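> This is the structure I want to talk about, given as structure tokens.
In this note's numbering, the protein residues as written are -18 to 460.
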């Protein structure tokens, strides 16, 4: 039986690290990349007799995320202990939220081939992160780094509304974009700031009962998530078609082999023995508190996209690409304020900049130049200082060895030749060397002009002013 006879059901649990300066229950810093066990204190190391104190900023950021994703905000919430043993969980329990999360019943709207679709959110709750195990290949053991223990997270749990790996990626990209815009998380997936647990099940089309699900933990790349979903769907269908049953279990995705491997049986809520944390007071939120956060919410991606369509006359496709990332959108807005050329800035972002990001697998936040430098590049083309083809080389340099575009042009000697006499010399030289192309053009083959201009650009290593070249070639060819 083919895959077409099955329906895919996907639910995602997304963990986003909050951009607070300090941890959730202590004053240790949250910066990424410090030497192991240097951002720790007795509280996040779970020393006996220590007591947690909730970081108020964590609650504010969680409420912000809830409001931006259309959630109902709980006026009465609490923290719970989620009990499980793992070597990098120093207390042997995690402080999380169980039956009274801060945010519930929201949704995120995504674009699909059939149009807009709402992915419902069950809840958004706050919790602390665990530490990290560094596996020592030489010593044959594992070392515990507790820098990440106590870093604040929000967990965003979707309903099982997602029906394909494409929808899963669209949903994750939209969620990432929203979190970036409201500035509650930097969403650096390569640093683990945004990661997802992916729940997958299949059922025969027409069935109403959900199939047994498997969960793939801590995935932090769009590419890996889509590959893992595709593999797991095929695996489950093969098992069912062979008369087997799907086990509810937690799986590990191996990116190299492109396969999933069992890790452990999947726990249910009762396995964690949740109970209210006796060391933390309940969270009571006033209407005024929630209203103040709502009023301070910045412009969200959908609203910004609509503005770009109306104000800058961008196409739907281009507006989608630019507003998909706050960092791209800010780059666009900052540059056009300086150079006042939205069309040119848009073209650079959706073509060359997007291409380089894809080829290098960089995130927009990693772009090594700012909007001033992009605006300067556009203005240098507008002034005729450099040609568009030279500007492409300058952009590559700005990515590889970040510095001011004017400095790059000076160093490389890439200033455009706009001197009439110099260009005329090149034109005459090219015409003399290509009599066949001259004859072809005079015989009605207009493409020959493009060839001649190309030869002239080659002769000047891309530095000749292309408009002047075209004009002079036409003048000489008409003689």
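All C-beta atoms, glycine included, are put in the ideal place defined by N, C-alpha and C. Please read all numbers here as calculations on a predicted model, not as lab measurements.
So that I know if they touch, is there some Cβ in chain D lying closer than 9 Å to that of residue 274?
The displayed structure is made up of one protein chain only, and chain D is not part of it.
> Is there contact here, the segment -9 to -1 with the segment 136 to 148, by at least three beta-carbon pairs under 8 Å?
Yes, the segment -9 to -1 touches the segment 136 to 148.
> Counting only the same chain and skipping the five closest in sequence on each side, list residues whose C-beta sits under 7 Å from that of residue 27.
Hits under 7 Å: 71 and 72.
> Contact between the segment 389 to 401 and the segment 411 to 419: three or more CB pairs below 8 Å?
Counting Cβ pairs under 8 Å, fewer than three are found: no touch.
> Tell me, to the nearest whole angstrom, how far the beta carbon of residue 44 is from that of residue 54; I am working on the premise that it is less than 8 Å.
So it is a contact: roughly 6 Å between Cβ atoms.
> Output yes or no for whether 9 Å exceeds the beta carbon distance between residue 312 and residue 345.
Yes.
> Using a Cβ-Cβ cutoff of less than 6 Å, which residues in the same chain neighbour residue 56 once the five nearest sequence positions on both sides are dropped?
Correct list, in chain order: 266.
> Using the Cβ count rule (16 or more neighbours within 10 Å means buried), how would you classify residue 8?
Residue 8 should be labelled exposed.
> Using a threshold of 9 Å, state whether the C-beta atoms of residue 97 and residue 91 are closer than that.
Cβ atoms of residue 97 and residue 91: closer than 9 Å.
> Pick out whichever of 182, 174 and 277 has its Cα sitting closest to the Cα of residue 1.
Residue 1 has its Cα closest to that of 174, out of 182, 174 and 277.
> Hey, would you say residue 264 sits closer than 9 Å to residue 51, going by beta carbons?
No, the Cβ-Cβ distance between residue 264 and residue 51 is not below 9 Å.
> Using CA coordinates, which residue listed in 441, 451 and 407 is at the minimum distance from residue 428?
Per the Cα distances, 451.
> For residue 10, which residues does DSSP report across the bridge?
BP columns for residue 10 point to 3.
> So residue 135 is in the beta strand (DSSP E); what residue range does that whole segment cover?
Run containing residue 135: 133 to 139, per the beta strand (DSSP E) assignment.
> Do three or more CB pairs link the segment 5 to 24 to the segment 215 to 235 at distances below 8 Å?
No: fewer than three Cβ pairs fall under 8 Å.
> Which first and last residues belong to the beta strand (DSSP E) in which residue 165 is found?
Looking at the DSSP string, residue 165 is not in any beta strand (DSSP E), and its letter there is neither H nor E.
> I'd like to know if the segment 300 to 307 and the segment 278 to 291 are in contact, where contact means that at least 3 CB-CB pairs between them fall below 8 Å.
These segments touch.
> Is the segment 139 to 159 touching the segment 323 to 332, taking contact as three or more C-beta pairs under 8 Å?
Counting Cβ pairs under 8 Å, fewer than three are found: no touch.
> Between the alpha carbons of residue 268 and residue 279, how many angstroms are there, rounded?
Residue 268 and residue 279: Cα-Cα distance of roughly 19 Å.
> Under 7 Å Cβ to Cβ from residue 113, same chain only, skipping five residues before and after it: list those, please.
The residues are 69, 126 and 129.
> Relative to the C-alpha of residue 476, which residue among 383, 327 and 10 is closest?
There is no way to answer for residue 476, as the model of the chain reaches only from -18 to 460.
> Hey, how far is the Cα of residue 432 from the Cα of residue 363?
Approximately 25 Å between the Cα atoms of the pair.
> Select from 361, 434 and 182 the residue whose C-alpha is nearest the C-alpha of residue 457.
It is 434 whose Cα lies nearest to the Cα of residue 457.
> Determine the burial state of residue 32: buried for a count of at least 16 other Cβ atoms within 10 Å of its Cβ, exposed for fewer.
Classification of residue 32: exposed, given that the 10 Å Cβ count is below 16.
> Who are the near neighbours of residue 274 in its chain, counting only those whose CB is closer than 8 Å to its CB and skipping five residues on each side?
Closer than 8 Å at the Cβ level, and outside the excluded window around residue 274, lie 41, 44, 45 and 48.
> Between the alpha carbons of residue 84 and residue 30, how many angstroms are there, rounded?
Their Cα atoms are separated by approximately 31 Å.
> Report the partner residues of residue 177 according to the DSSP bridge assignment.
Beta-bridge pairing links residue 177 to -5 and 200.
> Can you find the residues in the same chain that come closer than 8 Å, C-beta to C-beta, to residue 423, ignoring five residues on each side of it along the sequence?
The residues are 458.
> Would residue 306 be called buried (16 or more neighbouring beta carbons within 10 Å of its own) or exposed?
When all chains shown are included, residue 306 counts as buried.
> From the DSSP secondary-structure annotation, give me the bridge partner or partners of residue 88.
Note: residue 88 sits in a beta bridge opposite 101.
> What are the boundary residues of the beta strand (DSSP E) that includes residue 417?
No beta strand (DSSP E) contains residue 417, which is instead part of the alpha helix (DSSP H) from 416 to 423.
> Put residue 78 into one of helix, strand or coil per three-state DSSP.
The answer is coil: DSSP assigns residue 78 none of H, G, I, E or B.
> Figure out for me which residue from 79, 110, 77 and 142 has the closest Cα to the Cα of residue 102.
If we check each option's Cα against that of residue 102, 142 comes out closest.
> With DSSP collapsed to three states, give me the class of residue 445.
Three-state result, residue 445: strand.
> Using three-state DSSP, classify residue 438 as helix, strand or coil.
Here residue 438 sits in helix by DSSP.
> Does the distance from the C-beta atom of residue 443 to that of residue 352 stay below 9 Å?
No, they are not a contact pair.
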